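Chemist: Numbers in the working numbering are just positions in the sequence shown, counted from 1, shifted up by 2.
Idealized CB from N, CA, C, for every residue including glycine.
None of the values given here were measured: they were computed from a predicted structure.
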Amino acid sequence: MPEFIYVAITETGERVSGEIETRDQKKAIERLQRRNLTILELETVQPKHWIWLLLQPVKGTVLALFIRQLAVMLKAGIPLAGALKSLQPQEGPVRFKKAMARLYHDITVGYSLSQAMMKAPEFFSPFIIGSTRIGEASGNLSETLDNCATHFEKEYTYANKLKSALIYPTVLLTSAGALVTFIFTFMIPKFVGLFLDLSMELPWATRWLVNTAQFFQTYGMVLFCTLIGPVSALSWLFLNWARTKEGRFRIEKIMLKIPWYGVQIKNRMLAQYFRSFGTLSESGVTLHTSLHLLSRSLDREILSRTALAQFESIRKGKRLTEAMNTYKLFPQMCLEMIHVGEETGQVGQMMWRMASFFDDEMTRGLDTISKLVEPIVLMLLGSVVAFILLAAFLPIYQLASSF
3 MPEFIYVAIT ETGERVSGEI ETRDQKKAIE RLQRRNLTIL ELETVQPKHW IWLLLQPVKG
63 TVLALFIRQL AVMLKAGIPL AGALKSLQPQ EGPVRFKKAM ARLYHDITVG YSLSQAMMKA
123 PEFFSPFIIG STRIGEASGN LSETLDNCAT HFEKEYTYAN KLKSALIYPT VLLTSAGALV
183 TFIFTFMIPK FVGLFLDLSM ELPWATRWLV NTAQFFQTYG MVLFCTLIGP VSALSWLFLN
243 WARTKEGRFR IEKIMLKIPW YGVQIKNRML AQYFRSFGTL SESGVTLHTS LHLLSRSLDR
303 EILSRTALAQ FESIRKGKRL TEAMNTYKLF PQMCLEMIHV GEETGQVGQM MWRMASFFDD
363 EMTRGLDTIS KLVEPIVLML LGSVVAFILL AAFLPIYQLA SSF
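1) Who does E21 pair with in a DSSP beta bridge?
2) Where does S278 land, buried or exposed, given buried means 16+ other C-beta within 10 angstroms?
3) Since S372 contacts A167 with CB under 8 Å, what's their CB separation in whole angstroms?
4) For M335, count the other beta carbons within 10 Å of its own beta carbon; 16 or more makes it buried, fewer makes it exposed. Which is it?
5) Consider the C-beta atom of V212 and the heavy atoms of the ligand PLP; say whether any pair is separated by less than 7 Å.
6) Identify which residue in L147, R317, I260 and R209 has its Cα closest to the Cα of F129.
7) To the nearest angstrom, how far is the alpha carbon of T308 from that of S297?
8) If you check the beta carbons only, do G249 and L258 fall under 8 Å apart?
9) Using 8 Å as the threshold, is the stretch 178-193 in touch with the stretch 305-320, meaning 3 or more CB pairs across them?
10) Relative to the alpha-carbon of L282, which residue among T14, V212, R25 and E145 has its alpha-carbon at the smallest distance?
11) Between which two residues does the alpha helix (DSSP H) harbouring F188 extend?
12) Out of G141, V111, E203 and S292, which one is the CA nearest neighbour of S306?
13) To the nearest angstrom, how far is the alpha carbon of G347 from that of T323?
14) Look at the alpha carbon of T12 and the alpha carbon of S140, and state the distance between them as a whole number of angstroms.
15) Do L272 and F360 come within 8 Å of each other at the CB atom, strictly closer than that value?
16) Does the Cβ of F98 have 16 or more other Cβ atoms within 10 Å, making it buried, or fewer, making it exposed?
17) Helix, strand or coil for I80? Go by DSSP, reduced to three states.
18) Alpha carbon to alpha carbon, what distance is there between F251 and R245?
19) Mind checking who E45 pairs with in its DSSP beta bridge?
20) In angstroms, rounded to a whole number, what distance separates the CA positions of E93 and G231?
21) Near I316, which residues of its chain fall below 8 Å by C-beta distance, leaving aside the five closest residues on each side in sequence?
22) In whole angstroms, what is the alpha-carbon distance linking E124 and K330?
23) Let me check understanding here. Comparing Cα to Cα, which of V173, L39, F6 and T214 lies closest to E120?
24) Checking 8 Å against the spacing of the C-beta atoms, do A66 and Y158 come in under that value?
25) Would you identify the three-state DSSP class for T370, choosing helix, strand or coil?
26) Just mark C150 as buried or exposed, buried being the case when its beta carbon has 16 or more other beta carbons within 10 Å.
27) Do D301 and G132 have their beta-carbon atoms positioned less than 8 Å apart in this structure?
28) With 16 other CB atoms within 10 Å as the buried threshold, where does L56 fall?
29) Would you give the residue range spanned by the alpha helix (DSSP H) that E16 belongs to?
30) Rank G15, A394 and E16 by C-alpha distance to the C-alpha of W210 and give the top, closest one.
31) According to DSSP, is T365 part of a helix, a strand, or is it coil?
32) Among the residues of its own chain, which have a CB less than 7 Å from the CB of F68, if the five just before and after it don't count?
33) Taking the alpha helix (DSSP H) that Y221 falls in, what are its first and last residues?
34) From this set, E203, V379 and T14, which residue's C-alpha is nearest I398's C-alpha?
35) Mapping DSSP to helix, strand and coil, what is T328?
36) So is N213 buried or exposed if we call it buried at 16+ other beta carbons inside 10 Å?
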């Protein structure tokens with residue numbers, strides 16, 4: 003269902019902005035008019051297109067620096083519009099400069115920062131939009147933006163560590179691919195002709211290698227042309243389904259079950275959940291309001307549904323620990339710490355401690371996998387190349403042994 007953001011004037015002449023989710027623009031106008039609002043602007047929020055996952059318009063470090071500078075200026079007491087005007091980029095991608103100019107314009111006409119960010123999904127992820135919405139609701143926008151900048155810097159560090167760990171295996175994979183291509187293209191056909199002339203019985207490994215090479219040489223292009231259409235259509239359908247709430251929810255559940263990667267995703271989810279919850283709690287936002295905001299602001303569909311279900315449980319009179327205990331997403335340690343926080347009145351502090359804990363767990367997990375990737379890839383490539391070389395040279399050894 004499409005989401006709209008609006009700027010309107012109330013009966014008392016007050017300028018207000020907000021978000022509304024409805025079928026189409028006509029329905030949105032009707033709902034706003036029933037509230038006796040005079041609409042000044044009404045725009046559809048376009049979801050982030052999948053192409054931006056491949057074509058990143060701006061580096062994460064640039065965005066992190068922009069957000070950090072904005073947080074510093076807000077802490078210094080500079081109004082939001084003035085801070086954005088001062089931070090207009092003079093260099094960088096044209097799309098980024100236009101997006102920042104549009105961001106400043108939207109603030110001046112009455113949109114909140116989170117709503118203005120929603121109009122540039124190619125630059126601002128659901129995470130930062132949701133975090134900004136939480137900062138606006140809690141009154142700690144500058145601190146929240148500072149945390150967002152730290153989050154982006156950590157993500158950039160994680161990505162660099164992973165890239166560094168994958169450089170050597172990538173070089174090995176490229177070299178091994180070139181070697182296998184050379185063997186299949188030049189060596190195998192010559193060996194096969196030689197062995198057939200000598201009427202030799204080839205070993206099973208060599209026969210398998212020869213049959214595989216002949217199959218791809220004969221039917222490779224036909225297979226490619228046959229599959230490219232259905233694969234493209236299925237990919238398009240999958241990407242469109244993955245953009246729906248149900249699609250995201252199903253995909254996230256599958257991701258959590260992937261060895262190691264699922265643990266990393268879960269740690270990131272929990273760190274985001276507790277950091278956002280802690281910000282709201284320490285700012286004095288009520289538990290009901292906090293959970294309602296979290297259900298609309300968290301970028302993971304699992305977290306949003308979890309927060310919404312907790313909100314309903316709290317409305318029925320349950321305590322937070324009881325509501326959290328219903329879901330398998332939270333480890334027992336988290337439930338115990340939240341229980342202690344409820345008893346001592348320090349729920350916000352406990353949330354922040356758990357956010358730091360899961361951040362550290364992410365770092366340790368990445369360090370571990372970066373150390374394991376290289377030897378694992380070496381073992382796999384070594385096994386594949388050894389098998390190919392064995393299959394290629396075993397008949398030569400048999401031929402030499404027969405003399």
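Modeler: So, to answer that:
1) Start at 1 with the first residue of the sequence shown, and residue 21 comes out as number 19. BP columns for E21 point to I7.
2) As a working mapping, residue 278 is identified with position 276 in the sequence shown. Label assigned to S278: buried.
3) By one-based count along the sequence shown, residue 372 stands at place 370. By one-based count along the sequence shown, residue 167 stands at place 165. Their Cβ separation, rounded to whole angstroms, is 4 Å, which keeps S372 and A167 in contact under 8 Å.
4) Locating residue 335 in the sequence shown gives position 333, counting from the first residue. Exposed is the call here.
5) As presented, the structure is devoid of all ligands, the ligand PLP included, so that no description of it is given.
6) Reading the sequence shown from its first residue, position 127 is the one you call residue 129. F129 has its Cα closest to that of L147, out of L147, R317, I260 and R209.
7) Translated into positions along the sequence shown, residue 308 becomes position 306. Translated into positions along the sequence shown, residue 297 becomes position 295. Looking at the two C-alpha atoms, the distance is approximately 8 Å.
8) Walking along the sequence shown from the start, residue 249 turns up at place 247. Walking along the sequence shown from the start, residue 258 turns up at place 256. No, these two residues do not count as a Cβ contact at 8 Å.
9) no
10) Residue 282 sits at position 280 when you count from the first residue of the sequence shown. The residue with the shortest Cα to Cα distance from L282 is E145.
11) Start at 1 with the first residue of the sequence shown, and residue 188 comes out as number 186. That residue, F188, is in no alpha helix (DSSP H); it is neither H nor E in DSSP.
12) By 1-based counting over the sequence shown, the position of residue 306 is 304. Of G141, V111, E203 and S292, the residue nearest in Cα terms is S292.
13) Here residue 347 refers to the residue found at position 345 of the sequence shown. Here residue 323 refers to the residue found at position 321 of the sequence shown. Near 14 Å, if we compare the C-alpha coordinates of T323 and G347.
14) Residue 12 sits at position 10 when you count from the first residue of the sequence shown. Residue 140 sits at position 138 when you count from the first residue of the sequence shown. Rounded to whole angstroms, T12 to S140 spans 24 Å at the Cα level.
15) As a first step, residue 360 must be located in the sequence shown, where it is residue number 358. As a first step, residue 272 must be located in the sequence shown, where it is residue number 270. Yes, they are a contact pair.
16) Position 96 of the sequence shown, counting from 1, holds the residue named residue 98. Buried is the call here.
17) Reading the sequence shown from its first residue, position 78 is the one you call residue 80. DSSP places I80 in coil when its eight states are reduced to three.
18) The count along the sequence shown starts at 1 and reaches residue 245 at position 243. The count along the sequence shown starts at 1 and reaches residue 251 at position 249. One C-alpha to the other measures close to 10 Å.
19) Here residue 45 refers to the residue found at position 43 of the sequence shown. Note: E45 sits in a beta bridge opposite I7.
20) As a position in the sequence shown, residue 93 is number 91, starting the count at 1. As a position in the sequence shown, residue 231 is number 229, starting the count at 1. Between E93 and G231, the C-alpha separation is close to 41 Å.
21) In the sequence shown, the residue the question calls residue 316 occupies position 314. For I316, where only same-chain residues beyond five positions count, the Cβ hits under 8 Å are L289, H290, L293, L322 and A325.
22) Within the sequence shown, numbered from 1, the residue matching residue 124 stands at position 122. Within the sequence shown, numbered from 1, the residue matching residue 330 stands at position 328. Approximately 33 Å, taken between the alpha carbons.
23) Translated into positions along the sequence shown, residue 120 becomes position 118. According to the sequence as given, residue 120 is Met; it is not Glu. The option with the nearest alpha carbon to M120 is F6.
24) Taking the first residue of the sequence shown as 1, we reach residue 66 at position 64. Taking the first residue of the sequence shown as 1, we reach residue 158 at position 156. Contact flag set, yes.
25) Residue numbering aside, residue 370 sits at position 368 when the sequence shown is read from its first letter. T370: helix per DSSP, three-state reduction.
26) For the purposes of this step, residue 150 is identified with residue 148 of the sequence shown, where counting begins at 1. By the neighbour-count rule (16 or more Cβ atoms within 10 Å), C150 is buried.
27) Walking along the sequence shown from the start, residue 132 turns up at place 130. Walking along the sequence shown from the start, residue 301 turns up at place 299. Result yes, Cβ atoms of G132 and D301 sit closer than 8 Å.
28) Locating residue 56 in the sequence shown gives position 54, counting from the first residue. Residue confidence for L56 is low, a pLDDT of 43 falling below 50, so the modelled location carries little weight and cannot support an answer.
29) Residue numbering aside, residue 16 sits at position 14 when the sequence shown is read from its first letter. Looking at the DSSP string, E16 is not in any alpha helix (DSSP H), and its letter there is neither H nor E.
30) Position 208 of the sequence shown, counted from the start, is the residue given in the question as residue 210. Considering only alpha carbons, the answer is A394.
31) As a working mapping, residue 365 is identified with position 363 in the sequence shown. Helix at T365.
32) Here residue 68 corresponds to residue number 66 of the sequence shown, with the count starting at 1. Within the same chain, F68 has close Cβ partners L89.
33) In the sequence shown, residue 221 corresponds to position 219, counting from 1. Unbroken alpha helix (DSSP H) run through Y221: W206 to A244.
34) Position 396 of the sequence shown, counted from the start, is the residue given in the question as residue 398. Of the candidates E203, V379 and T14, the one whose C-alpha sits nearest the C-alpha of I398 is E203.
35) Position 326 of the sequence shown, counting from 1, holds the residue named residue 328. DSSP places T328 in coil when its eight states are reduced to three.
36) Residue numbering aside, residue 213 sits at position 211 when the sequence shown is read from its first letter. So N213 counts as exposed.
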